[in-house]
Amino acid sequence: MIGDRRIRVSVNGTAYEVGVEPRTTLVDFLRADLGLTGTHVGCEHGVCGACTVLVDGLAVRSCLMLAVQADGSEITTVEGLEGPEGELHPIQEAFLEEHGLQCGFCTPGFLMATYEMLTDDPKPDEDEIMEVLGGQICRCTGYQGIRRAVDCAIDKLGGTRPADVFGAGGPEGPDAPDAPDADPVGADGAGEGSAR
Amino acid sequence: MTVEIPKRIDQLPNPEPRYIGKRVTRREDAALLTGRVEFIDDVALPRMLHAAILRSPFAHARIRSIDTSEAEAMPGVEAVVTGADALRWQRVSGSSPDGWGGRCPAVEKVTFVGEPVAAVAATSRYLAEDALERIEVDYEPLEPVVDPFAAMEEGSPLVMEANGTNVMMHRVFTWGEVDEAFDTAAHVFTERFRWNRVGANPMETFGTVCEWDPVTLEMTVRGAIQSASFMGLGRAATFGLPTNLVNVKANAHGGSFGGKGGGRGIDIAAMLSRKAGGRPVKWIEDRVEYLTSGGSQAWDRHYEAALAVDADGRMTGFRVTLVDDLGANGEGYGSISAAKPLTAFTGPYTIPAAGYDLALVATNKLPSGPYRGMGPPPHFMVLEQLVDIAARALGVDPAELRRRNFIPPEAFPYTIPSGNEYDSGSYEEVLDAALALAGYDDLLRWRDAARADGRLVGVGVATAVEPGVFDWNAYATVGLPQTGVPEGATVSFDIRGCATVRVGFAMEGQGQYTLVSQVVADYFALDIDSVRVIQLDTLAAPPSFGPGGSRLGVAITGAVLGACERLAEKMRTVVAGLMQTTPETIELRGGRFGIPGVPEAQMSLAQVAGTMLARSDLLPPGMDPLPEATYVWTAPDRTPADEMGRAKSYLTAAQAVHVVAVEIDPDTGQVEIVKYALADDCGTRLNPVVVEGQTDGGIAQGIGAALYEQYVYDDEGQPLTASFMDYLIPTIAEVPRSDKAAVVTPSPFTALGAKGCGEGAIHTTPAAVMCAINDALAPLGVRARETPATPERLWRLISGAGVGASGSTGEEREQS
């Protein structure tokens, strides 16, 4: 067996330094090694988007990325959205209020994709919304509740960056907690949080 | 004690219900939104192993030998199973029709690509998959049969030699004087249709964690299981175990739509566990496995159908000949999808006579299984195309022709020729609501103007009936037992007056835990947050079938209200004893028990429950002190099938009318849906938000079936749709917004008047979209008769206008 390789990542503000097999996908690492099972696996070939997480602020399909490729990165998963007292994030509240989920399996992916979109642009136009949501598959809702939820989330945020909802220090926020060393490995600079 | 279940909301012992019928946000959602709900792949048990399955690369081949020795010797590999283990431990699986089951992994030969041949349990999934590569299987390829018509010919390769034929069943049903109807009809319209294989594709595939103890033979099955009790009974039958040795703990799961599958995966994981000393074995199906060899595929149908119409435009007869390609065996109960149209054969119309020539045929493809709607969606696509063909030929507006043939409101309960009874309906009102919402007249003007400009635009109006409340009696025709389907609930109060409801089904997406909370909260006038719903394992839960066949909302409402009634009666008896009066003088109203009009003779729920729990010495002699009650609901007055399959089976009949406008790009054949409006009537809407969500989901799946989704096989039986790049699930870009209107005609037979509505729109959407497409194509003189109506199929029709290029050459025979 190929030996483990040590990686350092920050996930939802918690620093980890662990060994992983090079072939381990990022989603398997998050789910099996870190126990963060809120991110779901729907297709394992990058189409459905259920496994979407943020890596250095970018929405990625964690089934198509290896854990070793995330070395030095800051990762946000659905577990990182809620507030310190267990408050739902406004994006989560919006999905709840607008019946934006049924079985809930694809939902973490939709939440993270929406989070990234509203970080980039707090007032996305229809084309942007369709472009982003068009990259995620839901089999239950027919997307109508999800579409309403995105509008609702835009209203709730009112221009606030998703990361700043619970005050500075939220995931991907300007004061995201540091990894063990402030400028972790990434020779390419990918280790910097809030790159956007 | 007779339990009277309220049939209307105003019969609840609460003058101000706050939840039932209201737009209640779901109580399930906070946990789902934060990643807290435990799906099966989130389960990790001590010493758990991970399974991977080796699958057949051939559609039809004899297994000469299997060598697993190298795999077994690999570090981390704890167990390997093959067909030899299946022969030792399994009985031939149950199937429909009987005699078309098999064993898993395959014994002696494989009959479809993806059939399990061996499986490994190892300390990680990665290692288990590595080990599969070390298993050597020597196959002798056999000639496959992939086309059901070829399969019916003399001399065809046989999928199961022992049966001597590939025809699993061939039956001709005749209801009423159908020959006479056709002989005397002013017009007869005949057409062929092809509905290609589609399927459920929930975003979560199937998964399970099984423990089968080799000493006690107790089997514990966790999993993404739609019907836990049914799965448990099936496993007990397969392994010859007493049914109470199999305990199923269904996890919340990521959708099902009937197509979750699972029996084979459980059997493999269980055998691996037994070989590994009873250690838990997890098997999570991946998407490629799901698409090619899971519970994914349904409705592979070849239709020829005819509609008899009299001179006034009244439909007098409907005939359907169906060749249903079920794939390699009957284990997936795909056959019941072909039987279910008997529950609504003639749709919402007063067609007095009908015939059904049904052939179930085996081929070397994945065995087909259930999918949302379970068979009527293709059937209604066929019926509604014929109605449109008739309307066009007779020069009658398609909406008007439908109106002329609707079952009138005063005719309910109405027994259709194929035997089922519809409970209630207001079909014309639903039609009017849909047409008004769509702006039908304006749509037709828009169409005519665009058409005059040479554009391919069309408007479709389609209607269908959704049989609600699944019932086994409907499936006697394909050999299933004629029996009812129970759903139970236990409602209890604790010493503080908080309610807990124990049920036997897992969360699946339809908001049923919220519904249960709504019902209990309104019955006892509680805040919804003081009701908690708990799911129990099959060996502990009240009898439960769970979701399926548009049943659970109706069934669990009946069960919960029945339990509430029993509990209230019990508490009334207690209160009467304490107040030294008779139970009949005690009233439950607004959450308080007492003597009406006597303010000082009132007790709260907590006081009554507390007395029962803590002061049983004060209760009437012989009184059960538990403040809880259980009720098991089954549909009333169902009947077994007669020799023609006629049964009162599904309890409710919801109905809908969908209006769709499309434009087809003549250069590409691409269909754009430019307008979608509908009205539906599913009786009392217990939670309108959830009902609309079910409708939205059904529309999306219906659009998928009509335009995009198809499981494709090549001539050798190789599946060509093994990923989401090939099997196209609609995204938000393909699903239009829809306008919806609700008509409410309560069911006279159910709790609170609700009707089954979970499958809903998929009954109507494919028909409506195809009607619109064919309206657009009508000026060209061609017809789309095959689903999905892909750009290529439509482009061929358009570019070769008049030449049938969709695998069908049928045309109407008009006689006068």
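As you go down the protein sequences, you meet chains A and B in turn.
Start counting the first sequence at 1; every next residue gets the next number (the numbering used here).
Start counting the second sequence at 1001; every next residue gets the next number (the numbering used here).
A virtual CB, placed ideally from N, CA and C, is assigned to each residue, including glycine.
Contact belief for residue i with residue j at Cβ below 8 Å, rounded distance in angstroms
i	j	result
glutamine 1226(B)	serine 1256(B)	4 Å
arginine 1134(B)	proline 1214(B)	With 8 Å as the limit, arginine 1134(B) and proline 1214(B) do not qualify as a contact, their Cβ atoms being about 25 Å apart.
alanine 1420(B)	alanine 1641(B)	The sequence shown places asparagine at residue 1420(B), not alanine. Not quite, the Cβ-Cβ distance comes to about 10 Å (not below 8 Å), so this is no contact.
glycine 1330(B)	methionine 1168(B)	6 Å
alanine 1131(B)	methionine 1074(B)	5 Å
Reference residue i; option with closest CA among the options
i	options	result
glycine 1313(B)	Ala1200(B), Val1387(B), Asp1042(B)	Val1387(B)
valine 1516(B)	Tyr1708(B), Pro1280(B), Phe1189(B), Arg1026(B)	Arg1026(B)
alanine 1236(B)	Gly1223(B), Asp1267(B), His1253(B)	Asp1267(B)
proline 1736(B)	Ile1703(B), Asp1714(B), Met1374(B), Asp1423(B)	Ile1703(B)
glycine 1369(B)	Leu1383(B), Asp1325(B), Leu1720(B)	Asp1325(B)
arginine 1496(B)	Pro1242(B), Ala1614(B), Asp1300(B)	Ala1614(B)
glycine 1488(B)	Phe1724(B), Arg1447(B), Phe1545(B), Tyr1523(B)	Phe1545(B)
alanine 1767(B)	Ala1438(B), Trp1195(B), Gly1334(B)	Trp1195(B)
threonine 1463(B)	Leu1536(B), Thr1346(B), Gly1562(B), Ala1338(B)	Thr1346(B)
glutamate 17(A)	Thr25(A), Gly57(A), Arg8(A), Thr24(A)	Arg8(A)
aspartate 1494(B)	Ala1679(B), Glu1004(B), Met1612(B)	Met1612(B)
glycine 1317(B)	Glu1289(B), Val1323(B), Leu1291(B), Gly1355(B)	Gly1355(B)
threonine 1581(B)	Arg1566(B), Val1092(B), Leu1619(B)	Leu1619(B)
Cα-Cα separation, residue i to residue j
i	j	result
threonine 1639(B)	glycine 1548(B)	20 Å
threonine 1208(B)	aspartate 1042(B)	11 Å
methionine 1603(B)	arginine 1572(B)	10 Å
glutamate 1336(B)	arginine 1372(B)	The question names glutamate, yet the displayed sequence has isoleucine at residue 1336(B). Taking the straight line joining both Cα atoms gives about 12 Å.
valine 1077(B)	alanine 1118(B)	13 Å
glycine 173(A)	aspartate 164(A)	With a pLDDT of only 46 at glycine 173(A), under the threshold of 50, the placement of this residue in the model should not be trusted; the figure read from the coordinates follows. Computed Cα separation, rounded: 6 Å.
leucine 30(A)	threonine 37(A)	7 Å
glycine 1262(B)	tyrosine 1333(B)	13 Å
threonine 1630(B)	cysteine 43(A)	41 Å
proline 1543(B)	serine 1229(B)	8 Å
arginine 1064(B)	threonine 1034(B)	51 Å
phenylalanine 1239(B)	tryptophan 1089(B)	6 Å
Three-state secondary structure assigned by DSSP to residue i
i	result
aspartate 1325(B)	strand
tyrosine 996(B)	This structure leaves residue 996(B) out entirely; chain B is present only between 1001 and 1816.
asparagine 1687(B)	coil
tryptophan 1795(B)	helix
threonine 1208(B)	strand
leucine 1012(B)	coil
asparagine 1247(B)	strand
serine 1124(B)	coil
serine 1530(B)	helix
glycine 1265(B)	helix
phenylalanine 1470(B)	coil
methionine 1603(B)	strand
tyrosine 1523(B)	helix
alanine 1384(B)	Sequence inspection shows glutamate at residue 1384(B); the alanine mentioned does not correspond to that position. Looking at glutamate 1384(B) - three-state DSSP - the assignment turns out to be helix.
aspartate 175(A)	Residue confidence is low: aspartate 175(A) scores 45 on pLDDT, short of 50, so the model does not pin down where it sits. Its coordinate-derived value is still stated next. Looking at aspartate 175(A) - three-state DSSP - the assignment turns out to be coil, as it is neither helix nor strand.
glutamine 1510(B)	coil
threonine 39(A)	coil
histidine 1763(B)	helix
glutamine 1580(B)	coil
methionine 117(A)	helix
glycine 1697(B)	helix
serine 1808(B)	Legend: pLDDT at serine 1808(B) = 39, less than 50; position of this residue unreliable, value from coordinates given subsequently. It is coil, neither helix nor strand.
glycine 1645(B)	coil
glutamate 87(A)	coil
Proximity test, residue i beta-carbon vs the ligand SAH heavy atom, cut-off 6 Å
i	result
asparagine 1687(B)	With respect to small molecules bound, the structure shown includes none, and the ligand SAH cannot be examined in it.
Within 8 Å of chain C by C-beta, residues of the segment 37–67 of chain A in sequence order
Protein chains A and B are contained in the structure displayed, whereas chain C is not.
For the 8 Å Cβ check, are there 3 or more pairs between the segment 1007–1024 of chain B and the segment 1175–1184 of chain B?
No: fewer than three Cβ pairs fall under 8 Å.
Is it true that the segment 82–97 of chain A meets the segment 1022–1041 of chain B, where meeting means three or more beta-carbon pairs spaced less than 8 Å apart?
yes
Could you tell me whether the segment 1188–1206 of chain B touches the segment 1388–1408 of chain B, where touching means 3 or more Cβ pairs closer than 8 Å?
yes
Assess contact between the segment 1657–1665 of chain B and the segment 1531–1546 of chain B, defined as three or more Cβ pairs (one per stretch) separated by less than 8 Å. Is contact present?
No: the two stretches stay apart, fewer than three of their Cβ pairs being nearer than 8 Å.
Would you say the segment 1667–1680 of chain B touches the segment 74–91 of chain A, given that touching needs at least three Cβ pairs under 8 Å?
Contact fails: fewer than three Cβ-Cβ distances are below 8 Å.
Three or more C-beta pairs closer than 8 Å, one from the segment 1560–1574 of chain B and one from the segment 1245–1260 of chain B: is that the case here?
no
Tell me whether the segment 1361–1368 of chain B and the segment 1149–1166 of chain B touch, counting them as touching only if at least three CB pairs, one residue from each stretch, are closer than 8 Å.
yes
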